[in-house]
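Protein chains in written order, with UniProt numbering: chain A, 1 to 347; chain B, 1 to 499.
Cβ atoms here follow ideal geometry from the backbone N, Cα and C, with glycine treated the same way.
Please read these numbers as outputs of a predicted model, since none were measured by experiment.
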Amino acid sequence: MSHITVDDLADAALLYCEKPEWQDVTPVPQYDGILFNLSVDVLIVVLADKDATDYFRAVVKSDEISERVLQLTEDIIRLNPAHYSAWQFRYRTLIALKSNLDAELALMDVLAIQFLKTYQVWHHRRLILTALHGASPSESLDAAAKELHFITRALDTDTKNYHTWSYRQWLLAFFDDEALWEGELPYVEKLLDVDVRNNSAWHHRYYVVWGRVRANGEVDQEEVLKGEIAYTKDQIAGAPNNPSAWNYLRGVLEHTKQPFSSVQTFVELYAAPARKTAEDVVVDLDNPGPGPDAHLPCVAALEFLADIYEAAGGEQKKAVEIWKSLANEHDNMRKKFWEFRIKDAST
Amino acid sequence: MATSDERDWTPTPTDGVSTPTSTLQAHTEEILKARYLSTHLNAAANANQEAAKKPFEPTLNKNSHVQYLLRNLRQGFPARYISQEASQPWLIFWTLQGFQLFGFGMDGNTKKQTVDTILAMQHPNGGFGGGPGQAPHLLPTYAAVCALAIVGQPGAGGGWDQIDRDKLYDFFMSLKQPDGSFLVAHHAEVDVRGIYCLLAVATLLNIITPELVAGTPEFIASCQTYEGGFGNASFPGWALRGSSIDPSIARPPLGEAHGGYTFCATASWVLLQPYLRTSYSQEGAVQPSVNLKALLRWTVQMQGSSIELGGFKGRTNKLVDGCYSWWVGGCAGLVEGLLGGGHSAKAEDDAVDAKADQDNSLFNREALQEYVLYAAQHPAGGLADKPPKPADSYHTLYCLAGLSASQHRVMPSKERRATLESVYHTEPESQNDGLRKEVFLSALSWVEEVGTAKYVGGAESRLNATHPLFNLTVTHTENMMGHFYKQRVPVWNPQKKSS
Ligand SMILES: [Zn+2]
Numbered sequence: 001m002s003h004i005t006v007d008d009l010a011d012a013a014l015l016y017c018e019k020p021e022w023q024d025v026t027p028v029p030q031y032d033g034i035l036f037n038l039s040v041d042v043l044i045v046v047l048a049d050k051d052a053t054d055y056f057r058a059v060v061k062s063d064e065i066s067e068r069v070l071q072l073t074e075d076i077i078r079l080n081p082a083h084y085s086a087w088q089f090r091y092r093t094l095i096a097l098k099s100n101l102d103a104e105l106a107l108m109d110v111l112a113i114q115f116l117k118t119y120q121v122w123h124h125r126r127l128i129l130t131a132l133h134g135a136s137p138s139e140s141l142d143a144a145a146k147e148l149h150f151i152t153r154a155l156d157t158d159t160k161n162y163h164t165w166s167y168r169q170w171l172l173a174f175f176d177d178e179a180l181w182e183g184e185l186p187y188v189e190k191l192l193d194v195d196v197r198n199n200s201a202w203h204h205r206y207y208v209v210w211g212r213v214r215a216n217g218e219v220d221q222e223e224v225l226k227g228e229i230a231y232t233k234d235q236i237a238g239a240p241n242n243p244s245a246w247n248y249l250r251g252v253l254e255h256t257k258q259p260f261s262s263v264q265t266f267v268e269l270y271a272a273p274a275r276k277t278a279e280d281v282v283v284d285l286d287n288p289g290p291g292p293d294a295h296l297p298c299v300a301a302l303e304f305l306a307d308i309y310e311a312a313g314g315e316q317k318k319a320v321e322i323w324k325s326l327a328n329e330h331d332n333m334r335k336k337f338w339e340f341r342i343k344d345a346s347t
Numbered sequence: 001m002a003t004s005d006e007r008d009w010t011p012t013p014t015d016g017v018s019t020p021t022s023t024l025q026a027h028t029e030e031i032l033k034a035r036y037l038s039t040h041l042n043a044a045a046n047a048n049q050e051a052a053k054k055p056f057e058p059t060l061n062k063n064s065h066v067q068y069l070l071r072n073l074r075q076g077f078p079a080r081y082i083s084q085e086a087s088q089p090w091l092i093f094w095t096l097q098g099f100q101l102f103g104f105g106m107d108g109n110t111k112k113q114t115v116d117t118i119l120a121m122q123h124p125n126g127g128f129g130g131g132p133g134q135a136p137h138l139l140p141t142y143a144a145v146c147a148l149a150i151v152g153q154p155g156a157g158g159g160w161d162q163i164d165r166d167k168l169y170d171f172f173m174s175l176k177q178p179d180g181s182f183l184v185a186h187h188a189e190v191d192v193r194g195i196y197c198l199l200a201v202a203t204l205l206n207i208i209t210p211e212l213v214a215g216t217p218e219f220i221a222s223c224q225t226y227e228g229g230f231g232n233a234s235f236p237g238w239a240l241r242g243s244s245i246d247p248s249i250a251r252p253p254l255g256e257a258h259g260g261y262t263f264c265a266t267a268s269w270v271l272l273q274p275y276l277r278t279s280y281s282q283e284g285a286v287q288p289s290v291n292l293k294a295l296l297r298w299t300v301q302m303q304g305s306s307i308e309l310g311g312f313k314g315r316t317n318k319l320v321d322g323c324y325s326w327w328v329g330g331c332a333g334l335v336e337g338l339l340g341g342g343h344s345a346k347a348e349d350d351a352v353d354a355k356a357d358q359d360n361s362l363f364n365r366e367a368l369q370e371y372v373l374y375a376a377q378h379p380a381g382g383l384a385d386k387p388p389k390p391a392d393s394y395h396t397l398y399c400l401a402g403l404s405a406s407q408h409r410v411m412p413s414k415e416r417r418a419t420l421e422s423v424y425h426t427e428p429e430s431q432n433d434g435l436r437k438e439v440f441l442s443a444l445s446w447v448e449e450v451g452t453a454k455y456v457g458g459a460e461s462r463l464n465a466t467h468p469l470f471n472l473t474v475t476h477t478e479n480m481m482g483h484f485y486k487q488r489v490p491v492w493n494p495q496k497k498s499s
C-alpha cells in the first residue's frame, strides 16, 4: 500500500494552494478535529494529498467541468489510485469535454501498470472502451485489439492479477469479435506451459472454451470436448497433484453433462497407491499415466473415483471406503467434510 | 509440551515439476513451519515447570492487539493508510468491530465523536462516501452503517435516525442494472461485494422491497464458476434483450472463484432467501439456483494443509492468508446454514451435555484457529496476512473475525425463529409485510449454538461471537434491526431449556 514516495512528489513541486491558476477556488477542507486524524510524521505526503483533495472537494461542490479538473484528478489519482470519486469525476469531465479518449488510454497505461492491483484503473479503461465503442463500433475494434495487447503486457508482470483477468474476459465478450477471440487459446496454453498451476489461466480457458456464447452449430461440441479432455489429461499426467487441472476436468464434464465414469480408466491410474511397473504398462494414448516422480495416490483422483462410485449406484461401499481413507489418511485436514460425504450418501 | 515432530510436515507435492506457483508455495510452507517452531521454542524457554508438563497451545495476545487498535484510534492511522483516504468508514469499522470482538465498550464521548465523523460522510443524495464530500458508494455505506450499529443509538445525535433511509433507497435504486446487479457507485463497476454491502444494509435498515432485489438472485447465481466458488461479476451482454434478460442464455462469470467474492455472493444468497421464499412461490416462476454442494466443496478445499497451519486460501493454487479466515472460514458456516445445518436437535435439547462431540462443522475449526494464533499474530500487535507481513487494520479485523467464526458456531435456530415470530407484530400501515417479516426473522434466527464453542489456547483466546451475515455482534444486530423494524427482540436464553 505504501507506494507513495517523496520522489513521486518532486514533480508536483507546487501545492494547489500555491498555484496561480487555482487562486479563484476556495479549497474545502475535510473536517476538523475529529477521530482518526493523521499523524504529523507523514507530513509531506499528507500535505500534498490533503491539498489536492481539498481542491477536489471544491470543484465537486461547484460542479466544475474544465481542463484543469483533468490535471487535478490525475494528480489525485497518482497520489491515491483508489480514490474512486476522483476517477468518477475525471470520467464525467472527459465525456463532457469530448476529450480524446485514445490519448486518455495512453496516459493511463503507465498508471495501470504501476497500480495493477487497484480496481479503478481497470474500470476506467472499461468505461473508455465502452465510450469508444458507442461512438463507432467498427473503429473501436482497433482500440480493443490494442487493449488486448496492453492487458497481456500487464499480465506479464502479474500472471494471476484478478482485475486484469476479469477485465480481459469482459473485453472479449463485449467486443465479441472472432479476431479477438482467436488468439486466446494459444495464449492460455503458453501460460500453462510456463506454469500449469496457474488457476487464472485455467479459468480463462474455461471462459474461452465454454463461457463464450456462440450461435448453434458454429462449433462441433463433441470435437471440442474430446480435445479438452485430452489436453487436460496430458496436463494432469505431467503434474498430477494439481487441483486446478482436476477442477477443470470436473467442470468440463459437468458442463457437457458427461458422466465422471467416462474418464474412470484415466482416474484409476492416479488413485492407485503406486505407479505400475514398466512391464505392466500397456501404452494407452488416451490415458497417459503418471510419471516416475508423481506423488501417489493423488487426493483429487481419490475424490474423483469416489464420486464415480457414488453415482454408479450399488458401489456405495467402495465410495465410502475411499472417503474413509481420505478422512483418516490422505486428506486429514478435511476429515469433517469426508465424514459429511459419507453421511450424505447414506441418506 | 508438544514437540514439533508430532505435526505432519508433508509439503505440498510437486510431482517433480517446479513452476512459479510451486516455488512460492514451498517458500511459504518453510516460513510457516519456521514460525510454528519458533513459537514452540519461545514457549519452552519461557515456560515454568508447571506449564512445561502440559501440551503447549498457542494463545491470542489480546493485550498487544488491543494496544494496536488503541494506537490507531488515538494517534491516527499509519502513513500507508493514506492511500485509503477513500475508505475512511472502513478504517473506522475495522477498528470498532475489533474492539467488539474483544468485548471492549467505548466511552460516550468517543461514541459521539465517531457518530459525527461517520455522519459527515453521508451524501446529501443518500448513501455514504469514503470520506466527507466524496460520492456515495456501496462499500463505505456498509462500513458506515455497521459502524453506526456499534456506536450509534436512536434519537437526536445518536446516528441511527440521522441515516436518510429514503434517499438511501433511491441511491440504491439508481445503481440498479437490467441484469439484476448494482453498480458500486455511479460510473463505477458492478461486483458482488457491492451487492452484499447493499443487501446487508437494506436488511439492517428495513428497506428491502421486491422491486429493489428483483433479478438479483439470478445475477448472484450467474457468478458461480465451474469450481464452485464465485467470481466478481458475470457478463450480461449475450442474454440482454433490451432492458430484460433472456434466462435461456448464459451469463458467464468474469474472474475465477475467489474467497472474498464467494463470501459476498454466499451471504447475498442467504440474505435473498426471504425474497426467494415469498416472491417465487405464487407465480410458479423458475427459481434460480446455486450449486451448494459444489460451493461447499470449493470452500473446504481452500483450507490449507497441516504444513500450511490450516489457514485458508482465497483461490485454487494460491497462498494461505489470514484474511480468508473470515471470507472463506466464515463462508463455510453460511453454506452449512444453507444446507439446512441449523442447530442440531441434540444441542438445543441437551445443552449441558457438551462432552459428546457435537461439532457438526464441515471445516477444521481447530486448525483454522491455529493458523490465526501461530501465523497471523504480529509480534508487535495487530494481525497480518502471514509472516513476515506487517499488521494492518483490515487483516486485524478479518483474522479476528475468522478466529471468532472458528470458535463459535452461529447458525439458524428454529427455536429462536419461533420465539421472534411469537412476538412479531405487523405495523398497521406497512407494505410488503410478508417480505419484511421474513427478512427480520431470517436474519435474527442466527444465534450461537449452545455447547459447541471451542477455544485453542483456552479462555485466553476467547473472542465474542460475530453474526456471520453482517460481522457485527448478535446484540448489535438485534438492537439495530429491532429499532428499524419497530420490533421487540426478546433475550435469547437457550440454557434455560436444558434444566
Ligand atoms: Zn489478506
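Fully enclosed alpha helix (DSSP H) runs of no fewer than 4 residues occupy 414-423, 433-444, 474-484 of the segment 405-484 of chain B, in order along the chain. For A/ASN199, the chain B residues whose Cβ falls inside 9 Å of its Cβ are THR21, GLU227, GLU256, ALA257, ARG315, THR316, ASN317, LYS318, in order along the chain. Not a single heavy atom of ligand 1 lies less than 8 Å from the C-beta of B/GLY130. Separation of the CB atoms of B/GLY155 and B/VAL115 is rounded to 11 Å, and the pair is thereby denied contact status at 8 Å.
Taking a Cβ-Cβ cut-off of 7 Å, the neighbours of A/LEU127 in chain B comprise HIS187, given in sequence order. Residue environment analysis places A/GLU321 among the exposed positions, since fewer than 16 neighbouring C-beta atoms fall within 10 angstroms of its C-beta. A/LEU180 is not a Cβ neighbour of A/LEU192, given a cutoff of 9 Å.
Interface flag for B/THR12 against chain A is set, since a Cβ pair is found closer than 9 Å. Collapsing the DSSP output to three states places A/VAL219 in coil. Taking C-beta atoms under 8 Å as the contact rule, B/ILE31 and B/PRO387 qualify, at a distance of about 6 Å. In the three-state reduction of the DSSP assignment, A/ARG275 falls in the coil class, being assigned neither a helical nor a strand state. When rounded, the separation of the alpha-carbon atoms in B/SER268 and A/PRO259 is 31 Å. A distance below 6 Å between beta-carbons, with the five flanking residues on each side excluded, links B/MET480 to the following residues of its chain, in chain order: ALA149, LEU204.
For B/SER244, the pairing in a beta bridge is given by DSSP as B/ARG241.
B/ARG488 is classed as exposed because its beta carbon has fewer than 16 other beta carbons within 10 Å across all chains shown.
By the beta-carbon neighbour count (other beta carbons within 10 angstroms, threshold 16), B/ARG297 is buried. Taking 9 Å as the cut-off, the Cβ atoms of B/PRO11 and B/TYR374 do not count as close. Taking the C-beta atoms as reference points, A/TYR16 is found no nearer than 9 Å to A/LEU79. In the same chain as B/THR426, and ignoring 5 residues on each side of it, the C-beta atoms closer than 6 Å to its own belong to ASP433, in chain order.
Within the same chain, Cβ atoms closer than 8 Å to the Cβ of B/HIS258 are found at GLY229, PHE230, GLY231, ASN232, GLY314, ARG315, the five residues on either side in sequence being excluded. Around the beta-carbon of B/GLY103, fewer than 16 other beta-carbon atoms lie within 10 Å, marking it exposed.
Contacts with chain B at 9 Å (Cβ-Cβ) include A/ASN242. Under the DSSP assignment, B/GLN287 falls outside any alpha helix (DSSP H); it carries neither an H nor an E label.
For B/VAL320, the beta-bridge partners assigned by DSSP are B/LYS313. Contact check between the segment 358-372 of chain B and the segment 398-415 of chain B: three or more CB pairs, one atom from each, fall below 8 Å, which counts as touching.
Between ligand 1 and B/HIS395, a heavy atom-to-CB distance of less than 8 Å is present. Using a CB distance cut-off of 9 Å, B/PRO388 does not count as an interface residue toward chain A. Chain order gives no chain A residues near B/TRP269, where near means a beta carbon separation below 8 Å; the closest approach is about 20 Å.
At a cut-off of 9 Å, the C-beta of A/TRP22 has no neighbouring C-beta in chain B. Taking 9 Å as the cut-off, the beta carbon of B/ASN360 is found closer than this to the beta carbon of B/ARG409.
For B/TYR324, the distance from the CB to the nearest heavy atom of ligand 1 is below 8 Å. Against B/ILE207, chain A offers no close residue; the least beta-carbon distance is about 23 Å (beta-carbon pairs closer than 7 Å).
Looking at the backbone, the Cα of A/GLU21 and that of A/LEU107 are separated by about 23 Å. The beta-carbon of B/PHE235 is placed less than 9 Å from the nearest beta-carbon of chain A.
If you compare the alpha carbons of B/ASN125, B/GLY126, B/MET121, B/TYR142 with that of B/PRO132, the shortest gap goes to B/MET121.
For the segment 66-122 of chain A, the continuous alpha helix (DSSP H) assignments of 4+ residues that do not extend past its boundaries occur at 67-79, 84-96, 101-114, in sequence order.
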